[in-house]
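*Asks:* Let me begin by handing over the structure; questions about it come next.
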Amino acid sequence: MALVTGAPIELPPLVDHHCHGVVRRDLDLRSFEAFLSESAAPAAPGTTFFDTQTGFAVRRWCPPLLGLEPHCPPERYLARRRELGAAEAGRRLLRAARIGVYVVDTGLPGDLSTPAELAAAGNAVAHEIVRLERLGELTADTCGTTDADSTAEATGTAGAAEAFVRDLAKAVRRAARTAVGFKSVAAYRHGLALAPEPPAAGEVARAAAHWLAGRRTGARLTDPVLLRHLLWTAVGTGLPLQLHTGFGDPDLRLDQADPVLLTDFVRATADTGTSLVLLHGYPYHRQAAYLANVFPHVHADVGLALTHSGVRAGAVLAEFLELAPFGKLLFSTDAYGLPELYAVGAEVFRDAVRRVVGGWVADGAWSQADAQRVGAMIAADNARRVYALE
Amino acid sequence: MALVTGAPIELPPLVDHHCHGVVRRDLDLRSFEAFLSESAAPAAPGTTFFDTQTGFAVRRWCPPLLGLEPHCPPERYLARRRELGAAEAGRRLLRAARIGVYVVDTGLPGDLSTPAELAAAGNAVAHEIVRLERLGELTADTCGTTDADSTAEATGTAGAAEAFVRDLAKAVRRAARTAVGFKSVAAYRHGLALAPEPPAAGEVARAAAHWLAGRRTGARLTDPVLLRHLLWTAVGTGLPLQLHTGFGDPDLRLDQADPVLLTDFVRATADTGTSLVLLHGYPYHRQAAYLANVFPHVHADVGLALTHSGVRAGAVLAEFLELAPFGKLLFSTDAYGLPELYAVGAEVFRDAVRRVVGGWVADGAWSQADAQRVGAMIAADNARRVYALE
Amino acid sequence: MALVTGAPIELPPLVDHHCHGVVRRDLDLRSFEAFLSESAAPAAPGTTFFDTQTGFAVRRWCPPLLGLEPHCPPERYLARRRELGAAEAGRRLLRAARIGVYVVDTGLPGDLSTPAELAAAGNAVAHEIVRLERLGELTADTCGTTDADSTAEATGTAGAAEAFVRDLAKAVRRAARTAVGFKSVAAYRHGLALAPEPPAAGEVARAAAHWLAGRRTGARLTDPVLLRHLLWTAVGTGLPLQLHTGFGDPDLRLDQADPVLLTDFVRATADTGTSLVLLHGYPYHRQAAYLANVFPHVHADVGLALTHSGVRAGAVLAEFLELAPFGKLLFSTDAYGLPELYAVGAEVFRDAVRRVVGGWVADGAWSQADAQRVGAMIAADNARRVYALE
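What follows is the structure in structure tokens.
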């Protein structure tokens with residue numbers, strides 16, 4: 009539907025509190041297209057991932073940044089992108105996003121740019137978020153092999169478990185010295201219907217022994233006791249904890265990622281001083297906003313929900329803004345792989361704020377000063393406070 | 009988003025079929041703010057409940073009613089409110105709401121105005137809704153202590169249970185002589201996944217004995233058998249039964265308040281002649297509307313969902329109006345504590361009807377006469393019919 | 009809300025991939041009204057099903073097709089309809105829908121027009137979808153009574169089960185020669201929380217024996233093992249499989265029809281070459297769109313969700329279009345009983361596309377060429393590809 013343009017809302021440089029590295033190499037049409045969807049498989053015969061809101065948003069916002077007309081065919085866009093080279097195209101796209109701070113989840117595999125590289129390309133500052141499950145897997149890959157623990161293998165399963173638990177505690181403490189927060193993808197590994205309290209030490213030891221016995225290097229951590237142990241170890245650091253909720257790739261069972269399933273964990277962590285940040289949430293984003301409304305330490309993120317809904321980002325943002333207190337909602341792009349997703353995530357967010365919040369001002373429902381203030385809170389201020397940036 | 013103004017829809021004085029008393033004393037900023045959220049805790053450090061849709065709606069609609077400009081700072085508003093005094097401010101706010109009939113849930117503790125006081129202050133008529141769980145608790149507090157039952161304590165647990173069940177039946181019958189309906193908060197006490205049929209007498213006696221043994225005065229009723237017994241005792245009176253569904257304070261687990269969980273209870277009560285009214289529903293309000301669509305004795309309420317979504321009330325109302333038959337949707341404010349919430353609840357509702365329904369008229373999708381008629385149904389006529397008012 | 013009219017989107021003749029026959033006889037007000045709701049009971053006292061979005065949409069779009077003014081009273085409309093006769097009124101209504109192809113679910117009982125009759129009245133082409141559960145019931149009604157199997161009864165329960173399984177396989181193969189797909193209403197019969205894998209032959213035999221023993225002719229098939237057997241037998245044909253999800257009549261428990269419950273079945277069928285089409289979905293249509301996004305062989309349908317939400321069809325369509333790839337969403341009317349529902353389903357869809365997608369063009373978010381192309385995909389092209397029409 010065509011909308012009357014609302015009052016202009018000026019936003020500060022964005023703090024992107026949830027994003028990932030970008031691919032360094034040049035991409036052809038097929039490998040580019042794969043990043044437009046959360047699907048693990050190629051598009052169905054007769055269809056293309058370019059024919060999605062994400063694809064249309066890329067074709068709307070990105071070609072002009074590389075000197076082409078909006079909505080040009082994907083082939084032309086990819087040709088121009090290769091002509092410039094991935095590095096130069098990436099630089100242009102990242103800088104156009106006007107993001108001042110990247111808070112980068114470094115837990116994805118693949119040849120992706122580091123936070124420092126992102127910062128340099130985007131002329132911004134970068135911080136790190138450490139993904140707990142990956143930290144657990146890396147610890148399992150290496151524990152018992154470092155100096156002090158070199159005898160662990162000899163001491164058998166119980167010894168290996170003990171070494172793992174000890175090394176994991178160390179790894180979390182070490183990460184907490186440089187990272188600004190942790191992230192859990194327990195939603196993918198088991199679903200969010202986890203027992204809320206921290207597992208007892210004996211339980212953790214048994215679960216670790218069981219998992220490590222016969223584990224091959226690189227195997228995923230899916231044991232619910234270990235997932236809970238990771239969550240509570242992170243909570244112990246006092247740093248903010250991001251939790252994946254809602255949609256994502258097909259590994260996940262959507263109903264097991266409903267943020268409401270975290271309610272008892274939210275209650276159990278209420279007095280720990282740790283902030284919880286519910287990522288994405290869609291299509292359960294109203295539920296995430298509700299939790300942010302009634303629990304002081306819970307926050308909600310608009311990331312994937314906006315970037316992947318394109319022209320509908322305003323409608324989805326407005327739904328978040330029904331119950332989410334304005335001091336509890338955080339902008340992100342959830343960009344991954346393509347610098348285009350940074351540009352798109354930032355543009356659809358700014359466009360959504362301008363239309364939705366600006367529209368409320370035009371209607372007399374909100375004052376211009378309040379709208380400006382709330383825009384800045386979601387765009388940057390809330391994230392600065394939650395992650396204690398600067 | 010800015011919207012073209014629709015055709016004007018004239019609404020009659022409202023029937024507010026679900027509301028509560030207001031605080032009699034003057035309020036300072038902090039105690040006022042606490043009523044703007046369903047949270048049980050103070051706002052998170054660095055945030056305020058004024059920065060919510062409810063807070064912004066109060067700042068939009070209420071200052072002009074006390075002689076101030078819209079959107080003025082909370083401090084100035086509270087100062088003006090104290091200058092007028094809680095009684096005078098309350099009178100102005102309540103009368104501005106243009107509510108003709110209050111149907112008041114009297115089951116909340118605290119120093120709140122009575123239905124008669126509300127009626128006097130608001131120049132309106134008031135009726136009472138009796139909250140079942142509180143009636144059960146009050147009965148437990150006093151049973152065995154009134155004349156005929158004074159020997160109950162002496163007769164032991166079984167005798168106490170028997171006295172409780174008998175006194176409860178009396179209390180419900182007595183309430184039914186003056187109240188226009190009952191309300192259940194089983195969603196808070198156990199969740200809505202209750203067995204649908206009435207519990208057998210023996211079950212009720214055993215559950216009552218178990219609950220009463222060792223119970224301290226004031227302790228809450230949470231036993232699922234007793235909750236079901238309360239529901240079916242109320243159904244036996246033939247009066248409408250309100251059921252809390254959807255969001256509310258953090259006592260509740262949201263997914264356990266999905267109105268769809270009541271489906272089997274809805275089926276079990278289909279031929280009793282009792283009307284069920286599903287309160288709130290949000291974010292499961294489309295589910296509530298569906299139940300109202302396919303079951304003749306089910307109705308849906310817009311209350312909390314509109315008052316707490318402020319400028320988004322039109323969007324939420326429109327979602328209700330997808331499946332809810334127009335003769336099955338009821339206006340309420342769910343106001344509690346603050347007379348401001350009456351004014352806001354009424355204004356956001358009128359504004360939502362004007363925009364949404366008026367917009368459909370402007371588009372040629374609805375006729376003006378139909379829009380007028382449907383507006384009056386939701387505003388007042390449906391509640392008059394369901395609660396047999398006048 | 010009143011909306012600025014978007015850019016015009018020209019749509020080709022529609023392919024209605026999910027619809028049913030219409031009643032042949034003249035209808036009076038009460039019998040007409042019953043088709044406006046999914047309720048099994050008459051409207052509640054004091055209300056009418058005409059006061060619903062479906063009712064208002066019929067009153068908006070249909071009277072002009074029979075020479076009356078829009079929004080005229082139901083009585084006048086019904087009088088005019090009888091004056092023309094059901095056949096002539098039906099012809100006018102069907103032709104106004106500009107549907108080029110009907111894909112008709114023939115599994116509903118009652119005196120309804122056949123696909124061929126629909127095609128003749130609507131000047132269109134018709135194809136058939138075979139409802140699995142009804143095929144199973146008809147097979148049970150007749151198996152053991154046809155020539156080759158005439159001794160089945162004599163051979164006892166095990167023999168009857170064997171004959172049923174064999175006859176069912178034949179019936180499915182036979183249907184696959186003429187039908188363009190199958191449909192399952194397992195959501196109504198058991199709910200969608202079915203074990204995902206095909207049941208073993210022994211399990212099927214035991215379940216069939218149990219069901220057939222003492223079964224009366226016409227009794228419904230509700231056994232979960234047999235429901236799964238039907239699904240997998242259909243998958244074996246390679247034809248598209250429609251699955252009822254989301255709202256429908258009150259037989260169904262809504263939460264048991266959430267399409268997300270099909271996730272494991274979706275995974276289990278990923279490599280079979282069979283397309284799954286999730287019908288309706290509402291109010292879980294965002295979940296259906298998500299499944300269509302991440303699984304190549306999953307498609308989503310807008311049918312009932314648009315026809316029954318009337319003026320809100322644009323809003324619901326827009327929610328589908330957040331995650332559903334544009335090559336995976338299919339138009340349908342889900343019309344049943346009334347030719348009016350064909351006209352309404354087609355008009356609300358065209359109106360929704362014009363407003364929503366046309367609005368995006370007017371905003372510069374989509375190009376006109378893309379909008380035109382996506383409109384044609386949803387209106388007709390996707391269905392042609394999925395069902396291999398022509």
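Chains as they are written, first to last, in my numbering: chain F, 9 to 398; chain E, 9 to 398; chain W, 9 to 398.
Ideal Cβ placement from N, Cα and C applies to all residues, glycine included.
Work out the CA separation of F/Arg358 and F/Tyr344 for me, nearest whole Å.
*Replies:* Against the first sequence, residue 344 of chain F aligns to sequence position 336. Against the first sequence, residue 358 of chain F aligns to sequence position 350. If you draw a straight line from the Cα of F/Tyr344 to the Cα of F/Arg358, it is about 19 Å long.
*Asks:* Alpha carbons only, please: which of W/Thr60, W/Ala187, W/Pro53, W/Ala195 is nearest the one belonging to W/Val138?
*Replies:* Taking the third sequence and counting its residues from 1, one reaches residue 138 of chain W at position 130. Answer by Cα proximity: W/Ala187.
*Asks:* Does the CB of F/Phe328 have a neighbour CB from chain W at under 8 Å?
*Replies:* As a working mapping, residue 328 of chain F is identified with position 320 in the first sequence. Taking Cβ atoms only, chain W never reaches closer than 8 Å to F/Phe328, which makes this a no.
*Asks:* Is the distance from the Cβ of E/Ala184 to the Cβ of E/Leu262 below 8 Å?
*Replies:* Along the second sequence, read from residue 1 onward, the residue named residue 184 of chain E stands at position 176. Along the second sequence, read from residue 1 onward, the residue named residue 262 of chain E stands at position 254. Taking 8 Å as the Cβ cut-off, E/Ala184 and E/Leu262 do not qualify as a contacting pair.
*Asks:* Whose CA, out of E/Lys191, E/Leu19, E/Phe58, E/Leu238, lies closest to the CA of E/Asp342?
*Replies:* Numbered from 1 along the second sequence, position 334 holds the residue referred to as residue 342 of chain E. For the residues E/Lys191, E/Leu19, E/Phe58, E/Leu238, the minimum Cα distance to E/Asp342 belongs to E/Lys191.
*Asks:* Between the region 329 to 363 of chain E and chain W, which residues of the former have CB atoms less than 9 Å from a CB of the latter, in chain order?
*Replies:* Contact residues of the region 329 to 363 of chain E toward chain W are Leu329, Glu330, Leu331, Ala332, Pro333, Phe334, Gly335, Lys336, Arg363 (C-beta to C-beta distance below 9 Å).
*Asks:* Considering F/Glu136, what are the terminal residues of the beta strand (DSSP E) in which it resides?
*Replies:* For the purposes of this step, residue 136 of chain F is taken as residue 128 along the first sequence, with counting starting at 1. Residues 133 to 139.
*Asks:* For F/Thr282, which of F/Leu249, F/Leu269, F/Asp257 has the nearest alpha-carbon?
*Replies:* Counting from 1 along the first sequence, the entry for residue 282 of chain F is found at position 274. Checking every option, the nearest Cα to that of F/Thr282 belongs to F/Leu249.
*Asks:* Under 8 Å Cβ to Cβ from E/Leu299, same chain only, skipping five residues before and after it: list those, please.
*Replies:* Along the second sequence, read from residue 1 onward, the residue named residue 299 of chain E stands at position 291. Here the set comprises Pro267, Val268, Leu270, Thr271, Val274, Leu286, Val306, Ala308.
*Asks:* For E/Leu238, which residues does DSSP report across the bridge?
*Replies:* Here residue 238 of chain E is taken as the residue at index 230 of the second sequence, counted from 1. DSSP lists no partner for E/Leu238.
*Asks:* Counting only beta-carbon atoms, is F/Phe40 nearer than 8 Å to chain E?
*Replies:* Working through the first sequence from its first residue, we reach residue 40 of chain F at position 32. Cβ-Cβ to chain E under 8 Å: no for F/Phe40.
*Asks:* Below 8 Å on C-beta distance, what does W/Phe303 contact in chain F?
*Replies:* The residue labelled residue 303 of chain W in the question sits at position 295 within the third sequence. The answer, in chain order, is Ser47, Ala49, Pro258.
*Asks:* Can you name the residues that DSSP bridges to F/Phe190?
*Replies:* Counting from 1 along the first sequence, the entry for residue 190 of chain F is found at position 182. Bridge partners of F/Phe190: F/Val138, F/Leu249.
*Asks:* Report the three-state DSSP secondary structure of E/Asp157 (helix, strand or coil).
*Replies:* Position 149 of the second sequence, counting from 1, holds the residue named residue 157 of chain E. Since pLDDT at E/Asp157 reaches only 45, below the 50 mark, its modelled position is unreliable, and no value is offered.
*Asks:* At 8 Å on the CB atoms, spell out the chain E contacts of F/Tyr298, in chain order.
*Replies:* Here residue 298 of chain F refers to the residue found at position 290 when the first sequence is read from its first residue. In chain order: Phe255, Leu262, Pro291.
*Asks:* Verify the CB distance criterion: does W/Asp59 have a CB-CB separation below 8 Å to chain E?
*Replies:* The residue given as residue 59 of chain W occupies position 51 in the third sequence. Yes - at least one Cβ of chain E is within 8 Å of the one on W/Asp59.
*Asks:* In terms of residue numbering, what span does the beta strand (DSSP E) encompassing F/Leu287 cover?
*Replies:* Here residue 287 of chain F refers to the residue found at position 279 when the first sequence is read from its first residue. Membership of F/Leu287 in the beta strand (DSSP E) is indicated by the continuous run 284 to 288.
*Asks:* Taking the straight line between their C-alpha atoms, what separation do you get for E/Pro53 and F/Arg182?
*Replies:* Residue mapping note: residue 53 of chain E aligns to position 45 of the second sequence, counting from 1. Residue mapping note: residue 182 of chain F aligns to position 174 of the first sequence, counting from 1. About 28 Å.
*Asks:* To be precise: take each residue of the region 228 to 257 of chain W, compare its Cβ to all Cβ atoms of chain E, and keep it if any distance is under 8 Å. Which residues remain?
*Replies:* Under the 8 Å Cβ criterion, the region 228 to 257 of chain W contributes Phe255, Asp257.
*Asks:* Here's the rule: buried if 16 or more other CB atoms are within 10 angstroms of the residue's CB, otherwise exposed. What is W/Arg294?
*Replies:* Within the third sequence, the letter at position 286 stands for residue 294 of chain W. The residue in question, W/Arg294, is buried, as its Cβ has 16 or more Cβ neighbours within 10 Å.
*Asks:* Under 8 Å, do W/His28 and W/Leu120 count as touching if we go by C-beta distance?
*Replies:* Counting from one through the third sequence, the residue named residue 28 of chain W turns up at place 20. Counting from one through the third sequence, the residue named residue 120 of chain W turns up at place 112. Yes, the Cβ-Cβ distance between W/His28 and W/Leu120 is below 8 Å.
*Asks:* From which residue to which residue does the beta strand (DSSP E) around E/Ala217 run?
*Replies:* Position 209 of the second sequence, counted from the start, is the residue given in the question as residue 217 of chain E. That residue, E/Ala217, is in no beta strand (DSSP E); its alpha helix (DSSP H) goes 209 to 220.
*Asks:* Below 6 Å CB to CB, which residues in the same chain sit around E/Ser45 once its five sequence neighbours on both sides are set aside?
*Replies:* Position 37 of the second sequence, counted from the first residue, corresponds to residue 45 of chain E. If we look at E/Ser45 and ignore the five residues flanking it on each side, its Cβ neighbours are Phe57.
*Asks:* Just curious, the alpha helix (DSSP H) that W/Leu101 is in, first and last residue?
*Replies:* To locate residue 101 of chain W, count along the third sequence from 1; it is residue 93. Counted as a single uninterrupted DSSP element, the alpha helix (DSSP H) harbouring W/Leu101 occupies residues 94 to 104.
*Asks:* Since F/Ala308 sits in a beta bridge, which residues does DSSP pair it with?
*Replies:* Stepping through the first sequence from its first residue, residue 308 of chain F is reached at position 300. According to DSSP, F/Ala308 bridges with F/Leu286, F/Leu337.
*Asks:* Give the range of the alpha helix (DSSP H) segment to which E/Val352 is assigned.
*Replies:* As a position in the second sequence, residue 352 of chain E is number 344, starting the count at 1. Counting along the chain, the alpha helix (DSSP H) containing E/Val352 begins and ends at 347 to 370.
*Asks:* For E/Ala148 versus E/Arg223, is the C-beta spacing smaller than 8 Å?
*Replies:* For the purposes of this step, residue 148 of chain E is taken as residue 140 along the second sequence, with counting starting at 1. For the purposes of this step, residue 223 of chain E is taken as residue 215 along the second sequence, with counting starting at 1. Yes; because the gap between Cβ atoms is below 8 Å, this pair is in contact.
*Asks:* Check the C-beta distance from F/Ser317 over to F/Val324 and give it rounded, since I have them as a contact under 8 Å.
*Replies:* Taking the first sequence and counting its residues from 1, one reaches residue 317 of chain F at position 309. Taking the first sequence and counting its residues from 1, one reaches residue 324 of chain F at position 316. At roughly 5 Å, the Cβ-Cβ gap stays under 8 Å, so F/Ser317 and F/Val324 are in contact.
*Asks:* So, are the CB atoms of W/Pro204 and W/His237 less than 8 Å apart?
*Replies:* On the third sequence, residue 204 of chain W is found 196 positions in, with the first residue counted as 1. On the third sequence, residue 237 of chain W is found 229 positions in, with the first residue counted as 1. In this structure, W/His237 does not lie closer than 8 Å to W/Pro204 by Cβ.
*Asks:* Pick out whichever of W/Ala216, W/Thr165, W/Gly226, W/Thr114 has its Cα sitting closest to the Cα of W/Gly189.
*Replies:* In the third sequence, counting from the first residue as 1, residue 189 of chain W sits at position 181. That would be W/Thr114, whose Cα lies nearest to the Cα of W/Gly189.
*Asks:* Answer with buried or exposed for W/Thr159, where buried requires no fewer than 16 other C-beta atoms within 10 angstroms of its C-beta.
*Replies:* Translated into the one-based positions of the third sequence, residue 159 of chain W becomes position 151. Annotation note: pLDDT 47 at W/Thr159 (below 50); position unreliable, no value reported.
*Asks:* Taking a Cβ distance cut-off of 7 Å, strictly less, list which residues of the region 68 to 101 of chain F are near chain W, in chain order.
*Replies:* Listed by position, the residues of the region 68 to 101 of chain F near chain W (Cβ gap below 7 Å) are Arg68, His79.
*Asks:* Sorted by chain position, which residues of the same chain lie with C-beta nearer than 7 Å to F/Ala132's C-beta, five sequence neighbours on each side aside?
*Replies:* Stepping through the first sequence from its first residue, residue 132 of chain F is reached at position 124. Excluding sequence neighbours, F/Ala132 sits near Ile107, Gly108, Val109, Tyr110.
*Asks:* Could you name the residues of chain F that W/Trp368 contacts, counting a contact when the two beta carbons are closer than 7 Å?
*Replies:* Taking the third sequence and counting its residues from 1, one reaches residue 368 of chain W at position 360. Neighbours of W/Trp368 on chain F, chain order: Val319.
*Asks:* Return the CA-CA distance between F/Phe255 and E/Tyr292, expressed in angstroms with no decimal places.
*Replies:* Within the first sequence, the letter at position 247 stands for residue 255 of chain F. Within the second sequence, the letter at position 284 stands for residue 292 of chain E. A straight line joining the alpha-carbon of F/Phe255 with that of E/Tyr292 spans about 19 Å.
*Asks:* Return yes when the Cβ of E/Leu22 is within less than 8 Å of the Cβ of E/Ala387, no when it is not.
*Replies:* The residue you call residue 387 of chain E lines up with position 379 of the second sequence. The residue you call residue 22 of chain E lines up with position 14 of the second sequence. With contacts defined by Cβ atoms closer than 8 Å, E/Ala387 and E/Leu22 form a contacting pair.
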